[in-house]
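K.L.:
In terms of the UniProt record's numbering, the sequence shown opens at residue 1 and continues consecutively.
If you scroll down you'll find the structure; I have some questions about it.
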Amino acid sequence: MTTTNASSSSAHSSGNGKAYIIILLGLLAHAFTAPMVKIANFEPFTSVILRCGIGALCMLPFAFHEIKKLGALNKMGIVYSIVAGLFLGIDFCCFNLSIFYAGAGIASILLNIQVIVLPALAFIFDREKIEKSYYIVAPIMIIGVAMSGGLFDPPAPPVPGAPESVFGMDVTLFGTLTGALSGFCYGFYLYFARKASRINHGQFLQPMTLSSIAQLVAPVIAIVLLSHDRGFDVVHGMMANGLVPAQGVGTDITAMNWVFAILLGSVGQAVVWTFIQYGSMRLEPTHVAGLLLLSPVATLAISFGLFHEVPSMLQLLGAVIVLLAVSYQNGLLKKVLPGKSAA
């Protein structure tokens with residue numbers, strides 16, 4: 001019996017080790033997704049269409065293989081996966097706008113507002129209990145998001161050639177609001193994706209493929225309503241000389257831009273979400289929550305190195321507040337900080 005238990009424990013440990021490696025690889029790739037959006041330099045809504053379309057094509061054969069192996073999703077699994085994808089499509093559109101107007105690093109921090117959205121949705125629709133700490137963490141998180149977005153910083157001097165407003169809104173405010181809206185929609189995505197996974201039998205490639213296809217709806221609508229003058233633009237970029245121009249379009253799209261667009265769709269979409277989902281299904285939620293915090297921190301460092309994005313002290317303080325709030329709400333700090341010794 002002892003030998004059997006030891007063998008079982010060893011196999012479980014080995015499985016966990018594999019899950020840790022896979023999710024860490026996924027998070028490492030995820031940290032580069034925001035920089036890849038910026039380097040690819042496609043118009044934000046066009047970029048989402050390319051990312052989700054390429055990602056769906058990459059996952060499609062694996063989804064069919066999963067159908068043969070585990071069976072097809074049930075009706076509600078399909079519905080929840082599609083609804084989740086609709087929200088993630090809005091998330092990506094807002095996220096891309098925030099990357100260009102707030103910075104790749106800050107946009108990745110703002111995305112974490114999902115940590116106060118998901119529990120609220122679970123409480124409203126599923127009557128899941130909310131911890132009392134949530135009512136303290138939520139307003140602190142909102143303040144941290146505002147700080148990290150630069151809303152409390154003194155007005156920066158205008159940058160020659162760069163826009164001072166977008167859709168009639170101050171650039172800083174626009175970048176912060178789109179980043180926060182991205183995190184808000186991400187919370188909805190996580191809620192519906194979680195419901196899809198709970199009512200099926202281990203399938204995760206099918207929901208992700210359906211979700212990627214549904215993600216194409218938001219950018220198409222956004223192009224029609226907000227960017228009809230440019231349309232689906234694979235000729236002109238978003239930036240010129242590292243800046244979004246106040247008027248006109250960015251530099252022409254090059255072969256290297258296409259390379260990064262394809263990497264974003266194949267690695268940043270298909271591989272990242274598959275690896276993160278694989279690890280999330282096999283590791284403790286608290287461990288996953290802690291690992292997920294590595295991605296925005298890494299993106300901040302990557303954005304500094306690649307684009308010389310230097311947040312102000314208030315923005316850095318806001319980022320720290322956001323990350324600590326996420327850590328506390330996910331229960332990570334309770335695991336890390338020593339508690340009272342057991343009697």
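Don't be surprised by glycine CBs; every beta carbon is placed ideally from N, CA and C.
Roughly how many whole angstroms lie between the Cα atoms of residue 344 and residue 251?
P.N.:
Because the chain here runs from 1 to 343, residue 344 falls outside it and cannot be looked at.
K.L.:
Nearest to residue 235 by CA position, among 256, 216, 146, 222, is which residue?
P.N.:
256
K.L.:
Report the option in 75, 191, 148, 119 whose CA atom is closest to the CA atom of residue 104.
P.N.:
The residue with the shortest Cα to Cα distance from residue 104 is 148.
K.L.:
Locate the alpha helix (DSSP H) running through residue 239, then write down its first and last residues.
P.N.:
From DSSP, residue 239 is part of no alpha helix (DSSP H); its letter is neither H nor E.
K.L.:
Considering only the alpha carbon of each residue, which of 135, 323, 46 lies closest to residue 93?
P.N.:
46
K.L.:
Going by beta-carbon coordinates alone, are residue 192 and residue 280 separated by less than 9 angstroms?
P.N.:
no
K.L.:
Is the stretch 74 to 89 close to the stretch 207 to 227, with three or more CB pairs under 8 angstroms?
P.N.:
Verdict: yes, contact present.
K.L.:
Going along the chain, which residues of its own chain have a beta-carbon closer than 6 angstroms to the beta-carbon of residue 219, five neighbours each way excluded?
P.N.:
45, 48, 49, 93
K.L.:
Going by Cα to Cα distance, which pick from 184, 162, 125 is closest to residue 117?
P.N.:
184
K.L.:
Less than 8 angstroms between the CB atoms is what I'm expecting for residue 59 and residue 325, so what's the real figure, rounded?
P.N.:
Not really, about 33 angstroms apart at Cβ, beyond 8 angstroms.
K.L.:
Between 181, 52, 55, which has its C-alpha nearest residue 145's C-alpha?
P.N.:
181
K.L.:
Quick one: using the 10 Å Cβ neighbour count with 16 as the cut-off for buried, is residue 246 buried or exposed?
P.N.:
exposed
K.L.:
Out of 331, 333, 317, 332, which one is the CA nearest neighbour of residue 151?
P.N.:
317
K.L.:
Taking residue 175 as the reference, which of 314, 96, 124 has the closest Cα?
P.N.:
96
K.L.:
Answer yes if the stretch 24 to 38 comes into contact with the stretch 59 to 79, meaning at least three C-beta pairs across the two stretches below 8 angstroms, and no otherwise.
P.N.:
no
K.L.:
What do you reckon, are the CB atoms on residue 304 and residue 39 nearer than 9 angstroms?
P.N.:
Residue 304 is not a Cβ neighbour of residue 39, given a cutoff of 9 angstroms.
K.L.:
Rounded to a whole number of angstroms, what is the C-alpha to C-alpha distance between residue 6 and residue 17?
P.N.:
Residue placement at residue 6 is poorly supported in this model, since its pLDDT is 45, which falls under 50; the coordinates still yield a value, given next. Cα to Cα, the separation comes out at about 16 angstroms.
K.L.:
Just tell me which of 273, 233, 198, 99 has its CA closest to the CA of residue 22.
P.N.:
For residue 22, the closest of 273, 233, 198, 99 by C-alpha to C-alpha distance is 273.
K.L.:
Where residue 168 and residue 41 are concerned, what is the direct C-alpha to C-alpha distance, given to the nearest angstrom?
P.N.:
Rounded to whole angstroms, the separation of the alpha carbons of residue 41 and residue 168 is 23 angstroms.
K.L.:
What separation, rounded to the nearest whole angstrom, lies between the Cα atoms of residue 162 and residue 237?
P.N.:
15 angstroms
K.L.:
By how many angstroms is the C-alpha of residue 249 removed from the C-alpha of residue 136?
P.N.:
44 angstroms
K.L.:
To which residues of the same chain is residue 323 closer than 8 angstroms at the C-beta, ignoring the five residues directly before and after it?
P.N.:
Sequence-distant Cβ neighbours of residue 323 in its own chain, meaning closer than 8 angstroms and more than five residues away, are 109, 112, 293, 296, 297.
K.L.:
What residue ranges within the stretch 42 to 104 form continuous alpha helix (DSSP H) runs of no fewer than 4 residues, ordered along the chain?
P.N.:
44 to 70, 75 to 102
K.L.:
By the 10 Å Cβ neighbour count, where 16 or more other Cβ atoms means buried, how is residue 225 classified, buried or exposed?
P.N.:
exposed
K.L.:
Can you give me the C-alpha to C-alpha distance between residue 88 and residue 43, rounded to a whole angstrom?
P.N.:
Taken atom to atom, the span from the alpha-carbon of residue 88 to that of residue 43 is near 18 angstroms.
K.L.:
On the criterion of 16 or more Cβ atoms from any shown chain inside 10 Å, does residue 393 qualify as buried, or is it exposed?
P.N.:
In this structure the chain extends from 1 to 343, so residue 393 is not present and cannot be described.
K.L.:
Closest to residue 203 by C-alpha separation, out of 36, 56, 68, would be which residue?
P.N.:
The shortest Cα separation from residue 203 among 36, 56, 68 belongs to 68.
K.L.:
Report yes if the C-beta distance between residue 143 and residue 262 is below 9 angstroms; otherwise report no.
P.N.:
no
K.L.:
Is the closest heavy atom of the ligand SAH to the C-beta of residue 111 under 8 angstroms?
P.N.:
The ligand content of the structure shown is nil, which means the ligand SAH is not present either.
K.L.:
Let me know the secondary structure DSSP gives residue 328 once reduced to three states.
P.N.:
It is helical.
K.L.:
Residues bridged to residue 165 by DSSP?
P.N.:
170
K.L.:
Alpha carbon to alpha carbon, how far is residue 159 from residue 228?
P.N.:
27 angstroms
K.L.:
How many Å lie between residue 307 and residue 64 at the Cα?
P.N.:
40 angstroms
K.L.:
Looking at residue 270 and residue 54, is the spacing between their C-beta atoms short of 9 angstroms?
P.N.:
yes
K.L.:
Is it buried or exposed, residue 231, if we count other Cβ atoms within 10 angstroms and call 16 or more buried?
P.N.:
exposed
K.L.:
Compute the Euclidean distance between the alpha carbons of residue 86 and residue 24, then round it to the nearest angstrom.
P.N.:
Whole-angstrom Cα-Cα distance: 27 angstroms.
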